[in-house]
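First up is the structure itself, then whatever we jot down about it.
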Amino acid sequence: MVALAQAVLDAAPGSTRGEGADRHRASSGGRAPGGDAARQAGAPTLAPATPGEIVSRLAQRHAALGVTRDEYDLFERHLGEAFAVALGPDFTAEVADAWAAVYRQARDEMAATVEAIYRQADLEPGDEWREALVTELRVEAEDVVAITLVSADSEALPRYRAGQFASVQVRLADGARQIRQYSLRGGPDEQWRISARLLLGEPPAPDGEVSSHLMGELQVGDVVSVSPPIGSLTIDDLDDAPLLFVSAGIGCTPVLGMLDHLARSEPDRVVTALHFERTPERHAHRVELEALVASMPNATLRVSYTQGSLSALSALAEASIDGPGVYLDPIDLARVDLTASHRVFLCGPVPFMAIARAALIGHGVDAERVHYFVFGPDDGSVTGADTGQGGLG
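When you line the sequence shown up against the working numbering, it's residues 1266 to 1658, in that order.
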């Protein structure tokens, strides 16, 4: 049942919805469905360790998309028809009945969990979308835009907790409505702040649809639709252990939200932040990151650029941030004062996090204290790094 929840239900909502493109198009932009673009531009979620966490993680994503029980039923019908075509005579009545029974068990658990999220947020299922006004667009790096949103009506946008994300729905030039999910960052005011990195397609694939729209077409004064904040991994739920943040590329965004919370609520917390980027020109939110760390007397920031001259912190392969390769050599962690009690947060490309997690565990950090955000579907590669399972590219 859990495998079905992970592999089937993760792809289901959106693929049969009347609001626009299929789920893959809504997740992957110009790249292959479920590929790097989904990981870099989708919703940040805590990778699961148990079946219950798998269901919870997927339910949070589905709630952020406004999925209802009826849509799970609709997907069952469409998927059953697809199986019948693909399997032909092998899709017997017995096979169909067995598959339907397993699917419905997973569906019922998933739908109940999503509905519980709606109730907790005081929302009617499928009726969570509201309008937000774009008040500021700021180029943060050569391929990153920072967007500030406020409520488009008299009711303020919901407050969010550091580590949460929200869905943003935009209408493209061809009329299609597309949904992406972004980390929320910034202070506890009535504004939401998100950031998007332009996803360059690998020829002949085009660039990402939504990231291209946000970078090149979105204007101050435009209105987008947003969901309520979603996500169960929040910094205020944890103990007071020393913290280590390890991020790469646009993976800095959930880290910024957590650092902002700590700077306001626990400024004396012991924190180390390691960030990896290709070049200074691609380093989004550098000034903000430096200012947050500087405001905390027990916080340390170390930045490594992987192209050009190598920093003293790493021997990362050139151009490896967004693709397969060696990302974080364990020897680098000798420069960090790690303890078994450290709580670690990773955010970046899956191969980067896989190597980083294995290195951290190798240096004595408890695996249960290493958390990671995945931008999009999680295929298990991160936790597979220290067990010999899963891939790095």
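C-beta: ideal position from N, C-alpha, C; glycine also.
Rounded separation between residue i and residue j - CA only
i, j, result
"W1394", "M1375", "20 angstroms"
"A1461", "D1418", "24 angstroms"
"A1556", "S1569", "17 angstroms"
"R1384", "R1369", "22 angstroms"
"I1459", "V1410", "9 angstroms"
"D1472", "D1533", "43 angstroms"
"D1587", "E1531", "The predicted model places D1587 with a pLDDT of 39, which falls under 50 and marks its position as unreliable; any figure quoted below should be read in that light. Computed Cα separation, rounded: 33 angstroms."
"E1659", "D1602", "Examination of residue 1659 is not possible in this model, given that the chain is present from 1266 through 1658 alone."
"V1435", "V1630", "41 angstroms"
"S1560", "H1327", "37 angstroms"
Whole-Å CB distance - residue i paired with residue j, under 8 angstroms assumed
i, j, result
"L1414", "H1478", "That belief does not hold up - the Cβ atoms of L1414 and H1478 are roughly 15 angstroms apart, past 8 angstroms."
"C1517", "L1566", "Not confirmed; about 11 angstroms, so no contact."
"V1609", "V1635", "5 angstroms"
"V1536", "L1527", "6 angstroms"
"E1405", "A1549", "4 angstroms"
"M1480", "L1463", "5 angstroms"
"A1470", "P1614", "Not quite, the Cβ-Cβ distance comes to about 18 angstroms (not below 8 angstroms), so this is no contact."
"E1341", "R1372", "7 angstroms"
Three-way DSSP call (helix, strand, coil) for residue i in this model
i, result
"S1569", "strand"
"R1534", "coil"
"S1460", "strand"
"S1292", "Here the model assigns S1292 a pLDDT of 38, short of 50, so the residue's position is not dependable, and the following value carries that caveat. If DSSP states are grouped into helix, strand and coil, S1292 belongs with the helices."
"H1526", "helix"
"G1307", "For G1307, the predicted model reports a pLDDT of 39, less than 50, meaning its position is unreliable; a value from the coordinates is still stated below. If DSSP states are grouped into helix, strand and coil, G1307 belongs with coil."
"V1520", "helix"
"R1608", "strand"
Boundaries of the beta strand (DSSP E) in which residue i is found, first to last residue
i, result
"T1413", "1409-1416"
"L1664", "Past the edges of the chain, shown from 1266 to 1658, lies residue 1664, and the structure says nothing about it."
"E1341", "From DSSP, E1341 is part of no beta strand (DSSP E) but of the alpha helix (DSSP H) over 1334-1352."
"A1406", "1395-1406"
"R1442", "1442-1448"
"S1432", "1430-1436"
Cutoff 8 angstroms: residue i Cβ touching any chain C Cβ
i, result
"D1501", "Looking for chain C here will not work: only one protein chain is present."
Segment limits, alpha helix (DSSP H) that includes residue i
i, result
"T1378", "1358-1385"
"L1557", "1551-1559"
"A1624", "1615-1627"
"A1485", "This sequence places Val at residue 1485; Ala is not what is there. From DSSP, V1485 is part of no alpha helix (DSSP H); its letter is neither H nor E."
I want to know whether the region 1376-1392 touches the region 1449-1469 - three or more CB-CB distances under 8 angstroms.
no
Between the region 1490-1499 and the region 1423-1432, do at least 3 Cβ pairs fall closer than 8 angstroms?
yes
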